[in-house]
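A quick write-up on the structure given underneath.
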Amino acid sequence: MQYARSSWGGEQASPPPRKPFTLIQHNCLGSWDVFLSLFGSFTQQAHPPSIVALQDPPVYRGKLPSFSLFTVCSPPTTGGCKPRVAFYVYSSFLSTVSLLPRFFGRGDVMALDLFTPDGFFNPSTTGFTIINSYITKGRSNNTRHVLSPRTSYSPPASSLPSPWVT
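Under the working numbering, think of the first position of the sequence shown as 97, with each following residue one higher.
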C-alpha cells in the first residue's frame, strides 16, 4: 500500500491508482478488412482500448474473428442469424474486473456489466453497464428497424444482482 503525507503531518493510505479505461465503438460493415485494420492499429498502441464495442462484425461460418490480446463476447447465434454486435475485451483489463455478459434473446443487442472493488472513475463507481445495439435497415431502403429506448434500456430478465436495479 502506498502512503501520502497529509496536511497535518501524519501519514494516510493513498487510494490505489485508477485503472485506465477506454471504450471504442466501431461499425465494421461486415468487412474483414475493416476489422483487421481496426485491430491492427491497436498493436501499435502502448495501451490498447479496454473494450471495443463492434456493430456488424464480420462472421465466417458462424464464427467471429479472434484477435490476440482480446477476448470476444457476442450473443449466441440461433436460426442461422449472425450476431450484429460483439464486445472485444482486452485480456489485461479482463484480469482486473469482473464482467457479466447480458443477452436479450436477439443478435442485435447485448450488454456487459462491469465491476471492480477499487472503482472505475472514482472509488464509489464500482460498477456500470455498457449496452451495444445495432440498427438494421428495414424491408425497404427508406425504413430502418430502430430499437426503441424501452427495448434498449429494459432490465434483462434475471434474478442476478445488477446495476439495473435502483
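Note that beta-carbon positions come from the ideal geometry of N, C-alpha and C, so glycine has one too.
{"Asked": "For Thr173, which residues of its own chain have a beta-carbon under 7 Å away from its beta-carbon, when the five flanking residues on both sides are left out?", "Found": "Gly158, Pro179 and Gly203"}
{"Asked": "If Trp181 sits next to Asn123, beta carbons under 8 Å apart, how far is it from one beta carbon to the other, in whole angstroms?", "Found": "Looking at the sequence shown, residue 181 is not Trp but Val. With 8 Å as the limit, Val181 and Asn123 do not qualify as a contact, their Cβ atoms being about 10 Å apart."}
{"Asked": "Just tell me which of Phe131, Phe138, Gln121 and Gly201 has its CA closest to the CA of Gly175.", "Found": "Gly201"}
{"Asked": "Cα separation between Thr167 and Ile147?", "Found": "10 Å"}
{"Asked": "Which residue from Thr192, Ile226 and Pro197 puts its Cα closest to that of Pro213?", "Found": "Thr192"}
{"Asked": "Quick one: grab the DSSP three-state call for Leu297.", "Found": "Given a span of 97 to 262 for the chain in the structure shown, any question on residue 297 remains unanswerable."}
{"Asked": "When you compare the CB positions of Phe117 and Phe211, do they come within less than 9 Å of one another, or not?", "Found": "no"}
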